[in-house]
Amino acid sequence: MAVDREALIRDLVRQFADVPGGLLPLLHAVQEALGYVPPEVIPELADGMGLSRAEVHGVIGFYHDFHVSPGGETTIHLCRAEACQAMGSRALEAHVKARLGIDYGETTADGKYRLEPVYCLGNCSCAPSVRIDDDVHAGVSPDTFDRLVEV
Amino acid sequence: MAVTVYVPSDTTACALGADEVAVEITAQARVRGIDIELVRNGSRGAFWLEPLVEVETHEGRQAFGSVTPDDVAGMFDAGFPGSCRHSTALGPVDEVTWLSRQERLTFERAGVIDPLSLDDYRAQGGYRGLERALTMSGQDIVDEIKQSGLRGRGGAAFPTGIKWQTVLDTPADEKFICCNADEGDSGTFADRLLMEADPFQLIEGMTIAGLAVGAGQGYIYLRSEYPRALRVLESTLATAREEGFLGRDIRGSGQSFDIEVRLGAGAYICGEETSMLESLEGKRGLVRFKPPLPAIEGLFGQPTVVNNVLTLGAVSTILARGAKYYEDFGTGRSRGTLTVQLAGNVRRGGLVELPFGASLREVLEDFGGGTANGRPPRAIMVGGPLGAYLPASLWDTPLDYEAMAEAGGMLGHGGVVVFDDTVDMADQARFAMEFCAVESCGKCTPCRVGSVRGMELIDKIKDNEARQSNLGLLDELCETMIDGSLCAMGGLTPIPVRSAIEHFPEDFGIADER
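The listed protein sequences correspond, in order, to chains A and B. Under the numbering used here, think of the first position of the first sequence as 890, with each following residue one higher. Under the numbering used here, think of the first position of the second sequence as 2, with each following residue one higher.
See the structure below:
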């Protein structure tokens, strides 16, 4: 497993080393493959991209999408922005947190779900919106949320 | 002969069940031995009618609105895809007044064509702008854009032709075209719709921009919240390359241009153009000082055109039909069409493309049809999270750049979010500060720290803790954020805050004192 990961990281670094501004695509690729960016691989990413570890850390920390710890099997993005607020997302937010028993940035104890806030999914005519992995759901009420997500 | 049935594939249609409807239509047709050709078109943006199924007939396309998978068997029982009486039937799609009352230029093909089909695009007038541009000099293309009066549709409304002229006039070995597809404003989805429903138009517009200023490489900086748009763009960019519309020697012209999609990583600030350039360079999205302008020192220090998706989309129309045609739409210094996005608590939400100049109220009444839940509307946010909350007394403001600015707001990217009478405007003002605190890049202290202090102040005002003096302090803080922030994030966050206080003082407990 560890060897596989090393080989994977080496391949990805090679793939993006000469891409102008390649660190973001590299981090996306690492996260796509591993589900997160393990802190142990940061030195290798930094070396390969000709950057300092601090620079790579800085980029990971800046963007909401990148995580340095494993998340849940499924990521739930709850839209917190205005169009969804106008359709009751504040109540939905309270329901979802209570239902999953977690706050934003946390993962359920069984490792199934990570909950993240998102500021707009571009589905603003049919709010409130929730993204479950890559699928966006429209007009989500507490009831429909319970049907979508089994706890 | 197979009957063509269209089921939209865009994010909102699918969020409302279009994929399941498509599966059910295919299954029912098979069971009944009916020969259909299912096409996944984009959406026309009439989201209140999605999933909007259409059938091709000799009398034009027939529409079926808000179709659920459970409706499908009944539709077939009633004669679908042939002549059919069913509760979902809307008649000819061209006679749906919500659509026919619009003036579609940029979104003319949206929902009409299969977004992945280059043949569909070309059959509906696509790539005529590029064909014309290939016969013109860079300066002639720039002049055409200047003459059209096109201004940036991302929010800042800077004249596009002038920006392009600067890039054209700046000597460099390498220049770039960057499409800002980091559509982060709540209440907006026009960029997403264009990319998912008519992506070749954006690709064409970027290619024309490349020819105009002498750039060889383009980037689409796409927000990661749009996974469907990513799939559509990757597919259509590959097609454009295969068919010689991108890459070396475009259509035998000897000119080269290519485009790569780069994914953002969930940072609202990267919609600010200099932050976006930092991000494209693989860095933290810290806002840059201006000058130097990106047009002179942009991506990797090279002259760079940074334009919004809709701006570049409009370029294709302008080159295909001429500057005069485009300029003839609109009012004052706002030329062409505006894409209003009706969102939030609205009955008939979606994308409305109109010449500039209609009032907010006209759009709400003619298209919006009141709130979704039937309660009275109270506040409308125009122009995203950095735009103003407008009360009913200001809804007659025309939707153009200058008039909205006079009303103390901004048109921004055209997002219109309706709130009903249950909204607490102090909560909305607090959220504006909270959003700024979450999304600030951190470079300027008034934005990074001021937003947090702003939240605290609004909490105190809500709790009636030294209300008068805290209101005064909040106003001073807003002034400091405006004066001391490099970009619109810190500089415009005071707009929603102040508009909420000014127009809805009762929500801050200050009505009586006025």
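Where a beta carbon is used, it is the ideal one built from N, C-alpha and C, also for glycine.
Span of the alpha helix (DSSP H) holding residue i?
{"i": "B/Ile459", "result": "451 to 463"}
{"i": "B/Asn1", "result": "Any answer about residue 1 of chain B is impossible in this case: the structure gives chain B only from 2 up to 515."}
{"i": "B/Ser206", "result": "Before going on, a small fix: residue 206 of chain B reads as Gly here, not Ser. Segment 200 to 214, the alpha helix (DSSP H) holding B/Gly206."}
{"i": "A/Leu934", "result": "931 to 938"}
{"i": "B/Tyr122", "result": "119 to 124"}
{"i": "B/Ile260", "result": "First-last for B/Ile260: 259 to 264, but that is the beta strand (DSSP E), not the alpha helix (DSSP H)."}
Which one of the options has the shortest CA to CA distance from residue i?
{"i": "B/Arg249", "options": "B/Lys461, B/Gly265, B/Thr208, B/Thr58", "result": "B/Thr208"}
{"i": "B/Val54", "options": "B/Ile35, B/Asp11, B/Val32", "result": "B/Asp11"}
{"i": "B/Trp49", "options": "A/Pro1031, A/Ala1027, A/Glu1005, A/Cys973", "result": "A/Ala1027"}
{"i": "B/Arg285", "options": "A/Asp954, A/Val892, A/Ser1030", "result": "A/Asp954"}
{"i": "A/Pro854", "options": "A/Val945, A/Ala980, A/Glu944, A/Glu929", "result": "Chain A is shown from 890 up to 1040; residue 854 of chain A falls before or after that span and cannot be answered."}
{"i": "A/Met976", "options": "A/Ile931, A/Val1019, A/Ala918, A/Glu1005", "result": "A/Val1019"}
{"i": "A/Met938", "options": "A/Thr964, A/Phe905, A/Val1038, A/Asp1023", "result": "A/Phe905"}
{"i": "A/Thr963", "options": "A/Ile1021, A/Ile991, A/Cys1013", "result": "A/Ile1021"}
{"i": "B/Val32", "options": "B/His59, B/Glu60, B/Arg86, B/Ala74", "result": "B/Ala74"}
{"i": "B/Leu300", "options": "B/Leu131, B/Ala230, B/Ile221, B/Ser236", "result": "B/Ile221"}
{"i": "A/Phe1034", "options": "A/Ala983, A/Glu971, A/Gly910", "result": "A/Ala983"}
{"i": "B/Ala90", "options": "B/Ala79, B/Trp99, B/Leu100", "result": "B/Ala79"}
{"i": "B/Pro116", "options": "B/Glu38, B/Gly43, B/Ala30, B/Asp422", "result": "B/Gly43"}
{"i": "B/Trp396", "options": "B/Asp421, B/Thr423, B/Met2, B/Glu363", "result": "B/Glu363"}
{"i": "B/Gly350", "options": "B/Phe357, B/Ile142, B/Gln342", "result": "B/Gln342"}
{"i": "A/Val1040", "options": "A/Gly947, A/Leu1004, A/Arg988", "result": "A/Arg988"}
{"i": "B/Gln103", "options": "B/Val4, B/Glu60, B/Thr318, B/Ala359", "result": "B/Ala359"}
{"i": "B/Tyr402", "options": "B/Ile146, B/Ala19, B/Ala157", "result": "B/Ala157"}
Could you give the C-beta distance for residue i and residue j, rounded to a whole number, given that I count them as a contact under 8 Å?
{"i": "B/Gly126", "j": "B/Arg45", "result": "Contact flag wrong, Cβ pair sits at about 17 Å."}
{"i": "B/Gly337", "j": "B/Gly331", "result": "5 Å"}
{"i": "B/His414", "j": "B/Gly385", "result": "6 Å"}
{"i": "B/Gly410", "j": "B/Ser500", "result": "7 Å"}
{"i": "B/Gly371", "j": "B/Val418", "result": "Not a contact, Cβ separation roughly 15 Å."}
{"i": "B/Gly155", "j": "B/Asn309", "result": "3 Å"}
{"i": "B/Ser187", "j": "A/Ala980", "result": "Between A/Ala980 and B/Ser187 the Cβ distance is about 17 Å, and since that is not below 8 Å, they are no contact."}
{"i": "B/Glu184", "j": "B/Arg193", "result": "6 Å"}
{"i": "B/Arg105", "j": "B/Glu354", "result": "5 Å"}
{"i": "B/Gln202", "j": "B/Gly314", "result": "5 Å"}
{"i": "B/Leu475", "j": "B/Ile496", "result": "No, B/Leu475 and B/Ile496 are not in contact; Cβ-Cβ is about 14 Å, not under 8 Å."}
{"i": "B/Leu278", "j": "B/Thr305", "result": "7 Å"}
{"i": "B/Pro525", "j": "A/Asp1023", "result": "Outside the shown range of chain B (2 to 515) lies residue 525 of chain B, about which nothing can therefore be said."}
{"i": "B/Ala389", "j": "B/Phe420", "result": "Contact flag wrong, Cβ pair sits at about 13 Å."}
{"i": "A/Ile949", "j": "A/Arg942", "result": "Actually they do not touch by this definition, with Cβ atoms about 10 Å apart."}
{"i": "B/Glu38", "j": "B/Ala3", "result": "4 Å"}
Could you give the first and the last residue of the continuous beta strand (DSSP E) run that contains residue i?
{"i": "B/Met382", "result": "378 to 383"}
{"i": "B/Tyr326", "result": "Looking at the DSSP string, B/Tyr326 is not in any beta strand (DSSP E); the run it does join, the alpha helix (DSSP H), is 324 to 328."}
{"i": "B/Ala182", "result": "177 to 182"}
{"i": "B/Phe62", "result": "The residue asked about is misnamed: residue 62 of chain B is Arg in this sequence, not Phe. Taken as a continuous stretch (DSSP letters only), the beta strand (DSSP E) holding B/Arg62 covers 61 to 65."}
{"i": "B/Ile221", "result": "218 to 223"}
Got a sec? Which residues, its chain only, sit under 6 Å from residue i by beta carbon, not counting five neighbours each side?
{"i": "B/Gly267", "result": "Ser225"}
{"i": "B/Glu282", "result": "none"}
{"i": "B/Arg242", "result": "Gly248"}
{"i": "A/His946", "result": "none"}
{"i": "B/Arg376", "result": "Asp421, Asp422"}
{"i": "B/Ile178", "result": "Met207, Ala210, Gly211, Ala216, Gly219, Val306"}
{"i": "B/Ala430", "result": "Ile459, Val498, Ala501"}
{"i": "B/Cys271", "result": "Asp183, Gly265, Met277, Ser280, Gly286"}
Within the same chain, show all residues whose beta-carbon is closer than 7 Å to that of residue i, passing over the 5 residues directly before and after it, in chain order.
{"i": "B/Cys448", "result": "Cys437, Ser441, Met482, Ser486, Met490, Gly491"}
{"i": "A/Cys1015", "result": "Ala1027, Gly1028"}
{"i": "B/Leu493", "result": "Leu387"}
{"i": "B/Leu311", "result": "Thr107, Arg154, Ala191, Asp192, Leu195, Thr340"}
{"i": "A/Glu933", "result": "Ile898, Val902"}
{"i": "A/Ile991", "result": "Thr997, Leu1004"}
{"i": "A/Asp893", "result": "none"}
{"i": "B/Ala373", "result": "Asn346, Val347, Arg348"}
Taking only heavy atoms of the ligand GDP into account, decide whether any of them is closer than 6 Å to the Cβ of residue i.
{"i": "A/Ala906", "result": "Absent from the structure shown: the ligand GDP. Ligands present: none."}
Among residues of its own chain, excluding the 5 on either side of residue i, which ones have a beta-carbon nearer than 8 Å to its beta-carbon?
{"i": "B/Ser101", "result": "Asp95"}
{"i": "B/Arg515", "result": "With a pLDDT of only 46 at B/Arg515, under the threshold of 50, the placement of this residue in the model should not be trusted, and no figure is reported."}
{"i": "B/Ala321", "result": "Gly126, Arg129, Gly130, Arg133"}
Against chain E, with Cβ distances strictly below 7 Å, would residue i count as a contact?
{"i": "A/Ala980", "result": "Structure shown: chain E not included; protein chains present are A and B."}
**Message:** So if I threshold CB-CB distances at 8 Å, which residues from the stretch 327 to 349 of chain B count as touching chain A?
**Reply:** So the close ones are Gln342, Leu343, Ala344, Gly345, Asn346, Val347.
**Against chain A: residues of the stretch 108 to 120 of chain B by CB proximity under 7 Å** = Under the 7 Å Cβ criterion, the stretch 108 to 120 of chain B contributes no residue.
**Request:** Compile a chain-ordered list of the residues in the stretch 11 to 22 of chain B whose CB is closer than 8 Å to at least one CB of chain A.
**Result:** For the stretch 11 to 22 of chain B, the residues whose beta carbon sits under 8 Å from a beta carbon of chain A are, in order, Thr12, Thr13, Cys15, Ala16, Leu17.
**Prompt:** Listed from N- to C-terminal order along the chain, which residues in the stretch 954 to 976 of chain A have their beta-carbon within a distance smaller than 9 Å of any beta-carbon of chain B?
**Reply:** Those residues of the stretch 954 to 976 of chain A that come within reach of chain B (Cβ to Cβ, closer than 9 Å) are Asp954, Phe955, His966, Cys968, Arg969, Ala970, Glu971, Ala972, Cys973, Gln974, Ala975, Met976.
**Request:** Return the residues of the stretch 991 to 1017 of chain A that lie within a Cβ-Cβ distance of less than 7 Å from chain B, sorted by chain order.
**Result:** Contact residues of the stretch 991 to 1017 of chain A toward chain B are Val1007, Tyr1008, Cys1009, Leu1010, Gly1011, Asn1012, Cys1013, Ser1014, Cys1015, Ala1016 (C-beta to C-beta distance below 7 Å).
**Asked** the stretch 218 to 243 of chain B: which residues have C-beta closer than 7 Å to a C-beta of chain A, in chain order?
**Response** Contact residues of the stretch 218 to 243 of chain B toward chain A are Ser225, Glu226, Tyr227, Pro228 (C-beta to C-beta distance below 7 Å).
**Prompt:** Going along the chain, which residues of the stretch 281 to 294 of chain B sit with their C-beta nearer than 7 Å to a C-beta in chain A?
**Reply:** Those residues of the stretch 281 to 294 of chain B that come within reach of chain A (Cβ to Cβ, closer than 7 Å) are Leu281, Glu282, Gly283, Lys284, Arg285, Gly286.
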